[in-house]
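Q:
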Amino acid sequence: MTFWETITGSDLTREYKAFEVRAEALPADYQEAWGQIKLHLTPYGDFTGRNLMPILDGALGLLEETAADGQSVHEVLGGDIKGFCAALAGGEGSRDYRDRWREQLNRNVARKLGRLGG
629 MTFWETITGS DLTREYKAFE VRAEALPADY QEAWGQIKLH LTPYGDFTGR NLMPILDGAL
689 GLLEETAADG QSVHEVLGGD IKGFCAALAG GEGSRDYRDR WREQLNRNVA RKLGRLGG
């Protein structure tokens, strides 16, 4: 990865498009599950989403393998895709972008109040 790719995110775009091509080869119910996985993993991403790429790759690989084995998507993921995604991202209660922004805001407010009170 070059500096330019890092700054522009072109490497992420290329990788994401490759994921979508792979997902198009899946059966319809797996494609729907893939869409749900992307939706539920997004809040766990950092500003660029770079931290999610290995997780998305692994999830898509799981879907590809189980589809090839003839398993149903429900057998693989169960009925709780949101819980599955939370487990992939580090478990229920993992920090998402809102938590990180809230903590940053609280630190900034505390710092400002400390200056006013001192």
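If you use our numbering, the sequence shown corresponds to residues 629 to 746, in order.
The beta-carbon is built from N, C-alpha and C at its ideal position, and this holds for glycine as well.
From a predicted model like this one, the values you see are computed outputs, not experimental measurements.
1. Relative to the C-alpha of Q659, which candidate in L691, D685 and K645 has its C-alpha closest?
2. Flag this pair as yes or no: are the beta carbons of L688 and A661 separated by less than 7 angstroms?
3. With DSSP run on the structure shown, which of helix, strand or coil describes Q699?
4. Does the contact criterion of 3 or more C-beta pairs under 8 angstroms hold for the segment 709-718 versus the segment 660-679?
5. Using a 10 Å radius around the Cβ and a threshold of 16 neighbouring Cβ atoms, would you call V649 buried or exposed?
6. Within its chain, find whatever has a CB closer than 8 angstroms to the CB of S700; leave out the 5 residues flanking it on each side and keep chain order.
7. Please report how far the alpha carbon of R730 lies from the alpha carbon of W632, in whole angstroms.
A: According to the data block:
1. As a first step, residue 659 is located in the sequence shown; it is residue number 31 there, counting from the start. Of L691, D685 and K645, the residue nearest in Cα terms is L691.
2. On the sequence shown, position 60 is the one that residue 688 refers to. On the sequence shown, position 33 is the one that residue 661 refers to. No, these two residues do not count as a Cβ contact at 7 angstroms.
3. Start at 1 with the first residue of the sequence shown, and residue 699 comes out as number 71. Looking at Q699 - three-state DSSP - the assignment turns out to be coil, as it is neither helix nor strand.
4. Yes, since at least three Cβ pairs between the segment 709-718 and the segment 660-679 fall closer than 8 angstroms, the two stretches touch.
5. One-based indexing of the sequence shown puts residue 649 at position 21. By the beta-carbon neighbour count (other beta carbons within 10 angstroms, threshold 16), V649 is exposed.
6. Here residue 700 refers to the residue found at position 72 when the sequence shown is read from its first residue. Cβ-Cβ distances below 8 angstroms link S700 to D657 in the same chain, with the five nearest sequence neighbours on each side left out; the list follows chain order.
7. Sequence index remark: in the sequence shown, residue 730 carries index 102 (1-based). Sequence index remark: in the sequence shown, residue 632 carries index 4 (1-based). Roughly 31 angstroms separates the two Cα atoms.
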